[in-house]
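Residues in the sequence shown are numbered consecutively from 51, following this note's numbering.
Everything below concerns the one structure shown next.
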Amino acid sequence: MQAFLKKHGPSHSAHSLKIEWEFAQNEVTIRFTAQKRTSRPWLADETKTMDWSKNWGLWNTDVVEAFLQLRSNPQDKTAPYLEIQVSPLNQPFALIITEPRKTFHPPKELEFIHESSVDGRMWTGVMKVKLPSELKGTHLYGGFFACLDHDPREYYALEPNPEQNPDFHRPELFLPLGEV
51 MQAFLKKHGP
61 SHSAHSLKIE
71 WEFAQNEVTI
81 RFTAQKRTSR
91 PWLADETKTM
101 DWSKNWGLWN
111 TDVVEAFLQL
121 RSNPQDKTAP
131 YLEIQVSPLN
141 QPFALIITEP
151 RKTFHPPKEL
161 EFIHESSVDG
171 RMWTGVMKVK
181 LPSELKGTHL
191 YGGFFACLDH
201 DPREYYALEP
211 NPEQNPDFHR
221 PELFLPLGEV
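Here it is in structure tokens:
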């Protein structure tokens with residue numbers, strides 16, 4: 051499946067983001083293309099590493115994110131979910147969220163492959179992740195997001211929240227992405 055992410059808020063979008071995803075045998079593959087309409091460089095932090103467990107705060111740079119939640123039934127919005135991110139420098143981050151903004155931990159195990167490359171105003175990437183065994187269920191729900199630029203910061207989502215400030219940690223806004 052594929053979709054374009056929508057900018058959060060009323061102002062004009064400075065980027066175009068296309069997301070494609072596949073879900074098969076407990077593995078999710080996400081391909082994305084982000085294109086800037088301005089010539090500002092991509093925001094990245096060269097001090098971040100290639101170790102997803104050491105990149106706390108990666109979301110303060112340009113990132114594309116996926117939140118992936120397995121539910122035992124479509125109404126179960128309280129199930130834990132996996133958050134994965136990648137930067138323009140191909141730096142990853144991952145976290146299991148058990149209660150949004152309150153309880154989270156690094157995944158106990160994680161098979162996470164990522165590729166990211168930049169060519170001028172075009173950023174392309176792939177994130178492939180096997181859903182950790184601590185996520186249980188047969189219905190895949192989730193969302194795709196991007197945090198881009200720094201002046202002003204722009205936020206994009208598959209399904210933006212209606213409030214003034216962006217909030218990606220809203221399982222009630224996650225969309226069905228597939229079934230096991």
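All residues carry an ideal CB built from backbone N, CA and C; glycine is no exception.
All figures in this text were calculated on a predicted structure; none of them were measured in a lab.
Item checked: Unbroken beta strand (DSSP E) run spanning Pro-226, endpoints -> Per DSSP, Pro-226 belongs to the beta strand (DSSP E) from 225–229.
Check: Quick one: what's got a C-beta closer than 6 Å to Phe-218's C-beta in the same chain, skipping five residues either side?
Finding: Closer than 6 Å at Cβ, skipping near neighbours: Phe-195.
Next item on the list: Output the distance between the C-alpha atoms of Trp-173 and Thr-83, rounded to the nearest integer angstrom.
Entry: Distance between the alpha carbons of Trp-173 and Thr-83: 6 Å.
Checklist line | Those residues which DSSP pairs with Pro-142 across a bridge | finding: Bridge partners of Pro-142: Val-136.
Next item on the list: Count the other C-beta atoms from every protein chain shown that fall within 10 angstroms of the C-beta of Ile-163, then say buried if there are 16 or more, exposed otherwise.
Entry: By the 10 Å Cβ count, Ile-163 comes out exposed.
Next item on the list: Check the DSSP bridge columns for Thr-153 and list the partner residues they point to.
Entry: Bridge partners of Thr-153: Glu-149.
Next item on the list: In angstroms with no decimal places, state the Cα-to-Cα distance between Pro-221 and Glu-204.
Entry: Rounded to whole angstroms, the gap between the alpha carbons of Pro-221 and Glu-204 is 21 Å.
Check: Helix or strand or just coil, what does DSSP make of Lys-104?
Finding: Three-state DSSP puts Lys-104 in a helix.
Check: With a cut-off of 8 Å, do at least 3 Cβ pairs link the region 133–142 to the region 92–104?
Finding: Counting C-beta pairs with one atom in each stretch, the region 133–142 and the region 92–104 have three or more that are closer than 8 Å, which means they touch.
Notebook entry, point to check: Which value, in whole angstroms, describes the spacing of the CA atoms of Arg-151 and Glu-133?
Noted result: Roughly 12 Å between the two C-alpha positions.
Notebook entry, point to check: At which residues does the beta strand (DSSP E) containing Asp-169 begin and terminate?
Noted result: For Asp-169, the enclosing beta strand (DSSP E) starts and ends at 161–169.
Item checked: Run of the beta strand (DSSP E) containing Glu-77, from where it starts to where it stops -> Its beta strand (DSSP E) spans residues 77–86.
Item checked: C-beta atoms of Glu-209 and Leu-223 nearer than 8 Å -> Against a cut-off of 8 Å, the Cβ pair of Leu-223 and Glu-209 comes out as a contact.
Check: Which partner residues of Arg-121 appear in the DSSP bridge assignment?
Finding: DSSP output for Arg-121 lists His-189 as bridge partner(s).
Next item on the list: Determine the burial state of Arg-121: buried for a count of at least 16 other Cβ atoms within 10 Å of its Cβ, exposed for fewer.
Entry: Looking at its Cβ environment, which holds 16 or more other Cβ atoms inside 10 Å, Arg-121 is buried.
Notebook entry, point to check: With C-beta atoms as the reference, is Val-136 less than 8 Å away from Val-114?
Noted result: Taking C-beta atoms as the reference points, Val-136 and Val-114 count as a pair closer than 8 Å.
Notebook entry, point to check: Can Ile-69 and Gln-52 be called in contact, C-beta distance under 8 Å?
Noted result: Yes. Within cutoff.
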